[in-house]
Each structure stands twice: as C-alpha cells, then as structure tokens.
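Here the structure is laid out as structure tokens; the discussion comes afterwards.
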Amino acid sequence: MEETINRGHFIETIIRQDVATSKNDGRVATRFPPEPNGYLHIGHAKSICLNFNMAQKFSGHCNLRFDDSNPAKEKQIYIDSIESTVHWLGFDYGSALFASDYFDQLYVFAKELIEKGLAYVCSLPAEEIRAYRGTLTEPGKNSPFRDRSTAENLDLFSRMKNGEFEEGTHTLRAKIDMTSPNINLRDPVIYRIKNAPHPRTGDKWCIYPMYDFTHCVSDALEGITHSLCSLEFEDHRPLYDWYLDNLSVPCHPQQIEFARMNINYTVLSKRKLQLLVDQGHVTGWDDPRLPTLEGMRRRGYTPSAIRKFCDTIGVSKKESRIDIGLLESCLREDLNENAPRAMGVLRPLKVIIENYPENKTETLTSMVHPQKPEMGTREITFSKEIYVEQDDFMEDPPKKFFRLGPGREVRLRSAYLVTCKQVVKNDQGRVTSLICTYDPATRGGNAPDGRKVKGTIHWVDAGNYVSARANLYDRLFMDEDPEKGGQDFTQNLNPASLETLTDCKLEKNLAHARPEQVFQFERLGYFCLDARDSTPSAPVFNRTVTLRDTWAKVTGKKR
RNA sequence: UGGGGCGUCGUCAAGUGGCAAGACACAGGGUUUUGAUCCCUGCAUUCAGAGGUUCGAAUCCUCUCGCCCCAGCCA
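Take the first sequence: its letter number 285 is residue 311 in the numbering used here, and every next letter is one higher.
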C-alpha cells in the first residue's frame, strides 16, 4: 500500500521536522513506559503503537521501560504480562529496561541537586506538606526546612538512604517556587522513604524516587528524543524540563502530550478494571468482555486488528470517546480477510430429510474462504438428519424472510436445496423438528432448472459433529457512557454481556481447531477456540464479534 | 475565581490565508450459494459563538461560551 499523501498527526509532524533540521543528529528514540501495577488495556495499545511506529518510521528505536519506582504497587506478574502482551501485539524492543536499574544513578543525581542548592530534606509530615502547598488559587508557603545547609541535607539524605528514619518522617524536595501558579513546581518531592521490598531491587533501597524525577532522568539516560505521554502530564512538563536543565544528564528529551483513548460502552482505567475483577463482575483480567489486551486476545482479537484500529483513530490533543463500532469494524476487516470459514449451529433444530436414503452419508466439498480459493477446500458430511439454526425457521414467516418456513425452499450451504414439508411439535406446542425433502439434482446447491432460491442457511450433519460450548459476548455496559450522570459504573453493567450456549453442534473439522484460532462460523460471526477453558473433549468457542447484520437491523432484533 | 489544555459531520480526524480529505456510522442501489464480503451513490455553502483584519479566514486579531486536567510522600 503506497502512501499517496505524506500526512501525519501532530506528533509525526514534530518528529519529521526535528529529523529534517537534524535535531538530535536526526536520531529518533521513543519509549513505552508502563508502571507494572496492572495489565495492559486497549488504551495502552494506542501508546505502544504510537511509540513503536514513530521509532520505526524514522529508523529509530523504541524501548520498553518499566516505570517501577513505587514498590508498593508493582509486581513481577505484571512485568511478565506486559512483556508478553507487547510481543503479542507484534513489537520488538530488544530486552526490557527498568527505571529501577537507574536507582544508583538517580541517587547521585539527587545529590547533585542538593549540592547545587536546588534540593533539601524536608521533615514536615505529609499533612503539613499538603497544608504548606497552598491551593489552586492561593500560593504555598516555604517549608521551615527549606534553608538547611548543603552539608546537613547531604547528611540527612544519606541517612534516609541508610534506613535511619521512619517512613513519612523526611522527604527530599526540589527547591523551586512555593508561589508558582503551577502546583507541580511548589517544591515537589523527589524521594520518599518506603520500607517496601522492590520486585527487582529487593530490600536494597528504602528510599524511592518519585515519578517526575525518575521519568525525565530515565529518558535522558536512554537517549530518548521524544517522550510521548498523555495530556494529564502537560502540567508536569515544566518540572520535566527543570530537572533536566539542572542535572548533568547526557541529553534533554522533548516531552509531547497527546489525548488518551476512550471508547464508549466500556471503561478504560486500571482502577475501574481492577474493581470489576475484584468485585467479581467479570471472571478475571483476561475476561473476554474486558478491554484488557489479554481479554481481547482471549476473545479472538488479532494484533493486526488492534494495530489497524490504533492507526485509524489517529493522535490528537482532543479528548474524545471513540465508537466501539470502529474497533469492531477493524476487527471484522481483518477477520473477514483471514479467518477460515466453517459451519456451526448454535441453537440446533433437527431436520429430517424424508426422501434421503437411510444410512447414507456423502461427503461434500466447501470453500475454506469463498473469496480466496488459495485457502483451499474442506470436506463436510451430509446425511438424512441434520441440524439447522432455530432462528432460520419461522412457522409464520413474513414475506421477506428468506429462510425456512412451511412449504418454503432454501439452500443448505454447499449442499442441497430442501423444502420444508412438515413441522413437528411436542405437547407444549414447541417445534422440535422439521420434516423436509431434498432435491437430489441440486447437489452442491445449484438447481439445474435454474430456479432461484434466495435463502442459504448453514447446517451440520447430525451424525457427525462436534458438540461445543459457545460464549456469546455483548457490550459490557448498557450506556455509551458507563458513568453517565456521575453514577457508579457498576450499576450500568449489562446483565446480558455473556450468554453461554452449551449444546452447539459444529462441523467435525472444528475438532482440530487450535487455541486462539479464529473461524468465521458462516452467517453467525467469528469464533475462536478459548485458550483457557477449552479441552479436546469439551471445546469452548468464544464469539469474537458478530457479522454485520442488516437483517437484524431491519427486524429490530437485539445484537 | 490560579495555572495548563481542548472545541472542524452522529463518532474519530485531515486541514497551518486561496473552492471543508479520509475512516466508521447512516441512507439508497448493484453483485452474491454467508441477509456477510465486494461495488457504486448520497451524507459539513460551513469549522463553539460574536466582532474585526483581508480581494479572500476553519486558519490571523479581540472578546465571549463550553468541556477536560492539576492541590499523592501514585504514575
């Protein structure tokens, strides 16, 4: 695919300009800096794609760097999950980097600030620090410890490091301006005492650097040229620059902020996702209803669909809420192109073909993908008894219903034309099976006499099928904005977000499906073999997404 | 009411003084052994609003309105 117009989002424009003017010697280096305190979601994918794509586009490199400066919240399992997810998305970063690997250097840089008279040990308790900070409209006051001597600061800081003080008794603070209208500049904390073992450094440290200090220095040490982050850090940029301007770091990366992703009918924050998991509204972080990347993967989302989506939504500074339909559209585009076709009946209705020979089974051939003959063919068996979808039969169908009804003829996909002769019901009047006849001259689905049959339905041989469970997913929340009107988003959960069907009949070929492999069950949607709950004897398929269904739109049926 | 941002179609989003791209959605039509796919066609005389500068403004200036973020020893 050629790029006809050299357009790009504002960040790309900036980078292209920097490269053109040989800023940083024309070099481009980015980084994706997650904190390992949770699992990645689709919002992170935007940042991942942005950072890796920019690096790739300008022949640079993108680091995966864990921002692990708060041991109270971080865990190795998150590190492992994040690494595997970034790989799954299709990005290569060499080996992961960690802010914690810079703790020694960070400590030395902090001392540099003290020596320059730009940092001091403050012995105010947390509440006092808050009180001294002032408010949005009132300036703050200087800490009484602000003018400690360099020697005293150095001594105290080293004793903080040596574990001589209790948590909360001292902090190292930058000496900037307590009256700044930007609260981030009112002597922000650089180091705090935390007696927590770190997943990577163990108990080596009892003081940990704060984000603002850690992040800019880590960027500089890695030679990052463009440090891309979300909008809420815009106010932090002056601090990012202040640290780097006052430290003897090798370079001064440029922080650029962009709007984070929001999608309707779901939530995209670690806190809210965590709550859904903790309160048992979903089965875990990889619940296929969740917008977590692990959940989406289990649902059947492909990396390329996710990358396409991130490309399509663009990058800007405007806060927006993207229609989940766009995500699904990107998914279908990919799956339509690549998913092998198969037939499966979700809600079976038995059909007996009365004029078909008893005990006969024939093998029919069907395309794996009707538009891509190179994907080959597959064989399916046909016999006197088959299953069709309950939805494909109506006892009293409207005129435009192109499916089965009393006296109506339809095509069984890749098989025969059949006509419904009789409806069999049980005592409660429920339809239990259909008696049909088939036209032996229509093998494969074409009528030699050229008669037109509008409807084609899927079916499965009742004598040769795989029985499976299917999970049908719908949107997690009922309202486009789960927190509409400030309500608790758990009140807005869609009670029908998961429907489980237990006796689905699938064509036998599906017995060989691999975990995570996605198929199109013709006329129904895309389904993937669950990588977690499925067993060879009891397969479980997750519905990744439905097919576009203009008929359902006409009838007003729910998705 | 301090500071920092943002307002272009239902939803995203290009556009950077010279006739408002594209995608999704939506509406019509065609092809079709998936009511899918695919293919056509339509869909912002107007860019939050009001003034101003200019031959010419979404783009420049002024004011107004609306929305988001910031007072963690979280990131």
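Cβ atoms here follow ideal geometry from the backbone N, Cα and C, with glycine treated the same way.
key: Pairwise C-alpha distance: Thr407 and Asn490   = Position 464 of the first sequence, counting from 1, holds the residue named residue 490. Position 381 of the first sequence, counting from 1, holds the residue named residue 407. Each residue's Cα considered, the two are about 7 Å apart.
query = Helix, strand or coil: which one does DSSP assign to His307?
reply = Along the first sequence, read from residue 1 onward, the residue named residue 307 stands at position 281. Three-state result, His307: coil.
Helix, strand or coil at Ala331 [DSSP, three-state] = The sequence position of residue 331 within the first sequence is 305, counting from 1. In the three-state reduction of the DSSP assignment, Ala331 falls in the helix class.
message = Classify Gln102: buried if its beta carbon has 16 or more other beta carbons within 10 angstroms, exposed otherwise.
response = Stepping through the first sequence from its first residue, residue 102 is reached at position 76. Per the 10 Å Cβ criterion, exposed.
query = If you check the beta carbons only, do His278 and Asp267 fall under 9 Å apart?
reply = If you number the first sequence from 1, residue 278 lands on position 252. If you number the first sequence from 1, residue 267 lands on position 241. Annotated as proximal: His278 and Asp267, with beta-carbon spacing under 9 Å.
message = Check whether the segment 439-451 and the segment 459-476 touch, using three or more Cβ-Cβ pairs below 8 Å as the test.
response = They touch, by the three-pair rule.
task = Using three-state DSSP, classify Arg456 as helix, strand or coil.
result = Residue mapping note: residue 456 aligns to position 430 of the first sequence, counting from 1. DSSP, read as helix, strand or coil, puts Arg456 in coil.
key: Gly160 to Pro170 span [Cα, whole Å]   = The residue given as residue 160 occupies position 134 in the first sequence. The residue given as residue 170 occupies position 144 in the first sequence. Cα-Cα distance, rounded: 15 Å.
Residues that Cys554 bridges to, as DSSP identifies them = Working through the first sequence from its first residue, we reach residue 554 at position 528. Partner(s): Val544, Asn568.
task = Just the C-alpha distance for Asp127 and Lys137, rounded to the nearest angstrom, thanks.
result = Numbered from its first residue, the first sequence carries residue 127 at position 101. Numbered from its first residue, the first sequence carries residue 137 at position 111. Using only the alpha carbons, I get a separation of about 18 Å.
message = For Cys75, report the span of its alpha helix (DSSP H) as first-last.
response = Within the first sequence, residue 75 is the residue found at index 49, counting from 1. In the DSSP assignment, Cys75 falls within the alpha helix (DSSP H) that extends over 68-83.
message = Beta-carbon within less than 7 Å of Phe129's beta-carbon, same chain only, minus the 5 sequence neighbours each way: which residues are those?
response = Taking the first sequence and counting its residues from 1, the one referred to as residue 129 is at position 103. Short of 7 Å from the beta carbon of Phe129, and not among the five residues preceding or following it, lie these beta carbons of its own chain, in chain order: Thr227, Trp231.
task = Using the Cα positions of Leu247 and Pro59, report the straight-line distance between them to the nearest angstrom.
result = In the first sequence, counting from the first residue as 1, residue 247 sits at position 221. In the first sequence, counting from the first residue as 1, residue 59 sits at position 33. Cα to Cα, the separation comes out at about 14 Å.
Where the beta strand (DSSP E) through Pro264 begins and ends = The sequence position of residue 264 within the first sequence is 238, counting from 1. Here Pro264 belongs to no beta strand (DSSP E); instead the alpha helix (DSSP H) covers 263-272.
key: Whole runs of the alpha helix (DSSP H) within the segment 336-422, excluding any shorter than 4 residues   = You should have 350-364.
Unbroken stretches of the beta strand (DSSP E), 3 residues or longer, contained in the segment 146-216 = As far as the segment 146-216 is concerned, its whole beta strand (DSSP E) runs of at least 3 residues are 197-200.
inquiry  = Which residue marks the beginning of the beta strand (DSSP E) containing Tyr491, and which one marks its end?
reply    = As a first step, residue 491 must be located in the first sequence, where it is residue number 465. First-last of the beta strand (DSSP E) with Tyr491: 491-499.
inquiry  = Here's a check: name, in chain order, each residue in its chain whose Cβ is nearer than 7 Å to the Cβ of Leu372, leaving out the five neighbours to either side.
reply    = As a working mapping, residue 372 is identified with position 346 in the first sequence. Cβ within range, chain order: Glu415, Ala496, Leu527, Cys530, Leu550.
Best match in Asn168, Ala365, Thr463 for proximity to Ser409 [C-alpha to C-alpha] = On the first sequence, position 383 is the one that residue 409 refers to. With distances taken between Cα atoms, Ser409 lies closest to Thr463.
message = According to DSSP, is Ser110 part of a helix, a strand, or is it coil?
response = Taking the first sequence and counting its residues from 1, the one referred to as residue 110 is at position 84. Here Ser110 sits in helix by DSSP.
task = Could you tell me the boundaries of the alpha helix (DSSP H) in which Asp44 lies?
result = On the first sequence, position 18 is the one that residue 44 refers to. If you look at Asp44, you'll find it in the alpha helix (DSSP H) that goes 36-46.
For Thr581, the first and last residue of its enclosing alpha helix (DSSP H) = Taking the first sequence and counting its residues from 1, the one referred to as residue 581 is at position 555. Counting along the chain, Thr581 sits inside the alpha helix (DSSP H) bounded by residues 576-581.
ask   = Under the rule that 16 or more other beta-carbon atoms within 10 Å means buried, what is Asp51, buried or exposed?
value = Taking the first residue of the first sequence as 1, we reach residue 51 at position 25. By the neighbour-count rule (16 or more Cβ atoms within 10 Å), Asp51 is not buried but exposed.
inquiry  = By the three-class DSSP mapping on this structure, what secondary structure does Val444 have?
reply    = Start at 1 with the first residue of the first sequence, and residue 444 comes out as number 418. Reduced to three states, the DSSP call for Val444 is strand.
inquiry  = So, with DSSP's three-state summary, where would you put His538?
reply    = The residue you call residue 538 lines up with position 512 of the first sequence. In the structure shown, His538 sits in a helix (DSSP, three-state: H, G or I).
message = Please classify Asp118 as buried or exposed, where buried requires at least 16 neighbouring CB atoms within 10 angstroms.
response = Here residue 118 refers to the residue found at position 92 of the first sequence. Under a 10 Å Cβ-count criterion, Asp118 is classified as exposed, with fewer than 16 other Cβ atoms of the shown protein chains found around its own Cβ.
query = If we ignore side chains and look at the alpha-carbon of each, how far apart do Met236 and Arg404 end up?
reply = Reading the first sequence from its first residue, position 210 is the one you call residue 236. Reading the first sequence from its first residue, position 378 is the one you call residue 404. Whole-angstrom Cα-Cα distance: 59 Å.
task = Determine the burial state of Asp94: buried for a count of at least 16 other Cβ atoms within 10 Å of its Cβ, exposed for fewer.
result = For the purposes of this step, residue 94 is taken as the residue at position 68 of the first sequence. Asp94 comes out buried.
ask   = Pairing CB atoms from the segment 445-453 with CB atoms from the segment 322-333, are three or more of them under 8 Å?
value = No, because fewer than three Cβ pairs between the segment 445-453 and the segment 322-333 fall closer than 8 Å, the two stretches do not touch.
request  = Could you tell me how far apart the beta carbons of Gly194 and Ile233 are, in whole angstroms, since I believe they sit closer than 8 Å?
outcome  = In the first sequence, counting from the first residue as 1, residue 194 sits at position 168. In the first sequence, counting from the first residue as 1, residue 233 sits at position 207. Contact check for Gly194 and Ile233: beta-carbon distance about 12 Å, past the 8 Å limit, so the pair fails to qualify.
query = So, are the CB atoms of Ala368 and Leu555 less than 9 Å apart?
reply = Locating residue 368 in the first sequence gives position 342, counting from the first residue. Locating residue 555 in the first sequence gives position 529, counting from the first residue. Contact flag unset, no.
message = Below 8 Å on the Cβ atoms is my contact criterion, and I expect Pro97 with Pro214 to pass it. Report the Cβ-Cβ distance as a whole number of Å.
response = In the first sequence, counting from the first residue as 1, residue 97 sits at position 71. In the first sequence, counting from the first residue as 1, residue 214 sits at position 188. Not confirmed; about 20 Å, so no contact.
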